[in-house]
Amino acid sequence: QKVELATYLHTICAHFHLALKEKEMELDISCSQGLYISLDPERFQQVIINLLDNAMKYSKEGTKIDLMVKKSAESLTITLKDQGIGIPEKDLPYVFDKLYRVEKSRSRKSGGYGLGLSIVKEIVEAHGGEITITSETGKGTTVEIALREDG
Ligand code: ATP
Ligand code: MG
């Protein structure tokens, strides 16, 4: 199914409006209009929701999240960047593993099963895309998803 990306992302992110407000966080969406992409809207929605959930859950109040879409020759890159607690370098290789959570102590109070990112990766790859995470402890985390424009 062909989806107009800007409308699609804004619609999904609208569900986070209240949660963001309660945590005094801001979400900036930067995506030009008229970019069409083939994806399964229901499934891919889980990707955005899980990533936004993480970005909020692992960030302090008053910080900002950036959602950006960039188009290059043959791919579209969706980037979600937060200013949260970050992921230690030693844990980064494992965050896509099922049930993996960084340091149970820091995660326990924020709940979760360590499933979010494994599901995200599965859905992105089912769309022929690639996902990468970079992070710096105390500074924030950036998730990049590269998709072929024709799906
Ligand atoms: P679930 O998503 O199942 O509710 P979860 O959020 O703990 O639980 P994942 O989404 O798979 O699980 O993330 C795995 C781990 O990676 C998390 O426990 C967390 O420590 C770390 N992590 C994921 N995203 C971020 C982020 N944006 N900032 C900091 N740490 C993160
Ligand atoms: Mg999660």
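Each residue of the sequence shown is one higher than the last, beginning at 308 in the UniProt record's numbering. Idealized CB from N, CA, C, for every residue including glycine. All values reported here derive from a predicted model rather than from experimental measurement.
query = Count the other CB atoms within 10 Å of the CB of Tyr315; is the residue buried (16 or more) or exposed (fewer)?
reply = Within the sequence shown, the letter at position 8 stands for residue 315. Sixteen is the threshold: when 16 or more other Cβ atoms of the shown chains lie within 10 Å of the Cβ of Tyr315, as they do, the residue is buried.
query = Apart from the five residues on each side of it in sequence, which residues of its chain come closer than 6 Å, Cβ to Cβ, to Ile452?
reply = Here residue 452 refers to the residue found at position 145 when the sequence shown is read from its first residue. So the list reads Ile385, Val431, Gly436 and Ile438, once near-sequence residues are dropped.
query = Do you know whose CA, among Ala313, Gly418, Tyr420 and Leu399, lies nearest Ser339's CA?
reply = Here residue 339 refers to the residue found at position 32 when the sequence shown is read from its first residue. Selected option, being the one with the closest Cα: Ala313.
query = Between His317 and Ile344, which are expected to be in contact by the criterion C-beta below 8 Å, what is the C-beta distance as a whole number of angstroms?
reply = Along the sequence shown, one-based indexing puts residue 317 at 10. Along the sequence shown, one-based indexing puts residue 344 at 37. Wrong, their Cβ atoms sit about 15 Å apart, outside the cutoff.
ask   = From what residue to what residue does the beta strand (DSSP E) around Glu349 run?
value = The residue you call residue 349 lines up with position 42 of the sequence shown. Segment Pro348 to Lys364 is the alpha helix (DSSP H) holding Glu349; no beta strand (DSSP E) there.
inquiry  = At a threshold of 7 Å, does Leu399 count as lining ligand 2 (C-beta to nearest heavy atom)?
reply    = For the purposes of this step, residue 399 is taken as the residue at position 92 of the sequence shown. For Leu399, the Cβ stays outside the 7 Å cut-off from all heavy atoms of ligand 2.
message = Nearest by alpha-carbon distance to Glu456: which of Val450, Arg408 and Ser379 is it?
response = In the sequence shown, counting from the first residue as 1, residue 456 sits at position 149. Among Val450, Arg408 and Ser379, the Cα nearest to that of Glu456 is on Ser379.
inquiry  = Among the candidates Leu454, Glu349, Thr370 and Gln353, whose CA atom is the shortest distance from the CA of Thr448?
reply    = Position 141 of the sequence shown, counted from the start, is the residue given in the question as residue 448. If we check each option's Cα against that of Thr448, Thr370 comes out closest.
key: Nearest-residue set for ligand 2, Cβ under 6 Å from any heavy atom   = Those satisfying the condition are, in chain order, Asn357, Asp360, Asn361, Gly419 and Gly423.
task = Can you grab the Cα-Cα spacing for the pair Asp398 / Leu387, in whole Å?
result = Here residue 398 corresponds to residue number 91 of the sequence shown, with the count starting at 1. Here residue 387 corresponds to residue number 80 of the sequence shown, with the count starting at 1. C-alpha of Asp398 to C-alpha of Leu387: approximately 19 Å in a straight line.
request  = Go ahead and pull the three-state DSSP assignment for Glu329.
outcome  = Taking the sequence shown and counting its residues from 1, one reaches residue 329 at position 22. Here Glu329 sits in helix by DSSP.
request  = With a threshold of 16 other CB atoms inside 10 Å of the CB of Ser366, please say whether the residue is buried or exposed.
outcome  = Along the sequence shown, read from residue 1 onward, the residue named residue 366 stands at position 59. Around the CB of Ser366, 16 or more other CB atoms lie within 10 Å, so the residue is classed as buried.
query = Ends of the alpha helix (DSSP H) at Leu424?
reply = Position 117 of the sequence shown, counting from 1, holds the residue named residue 424. Taken as a continuous stretch (DSSP letters only), the alpha helix (DSSP H) holding Leu424 covers Gly423 to Ala433.
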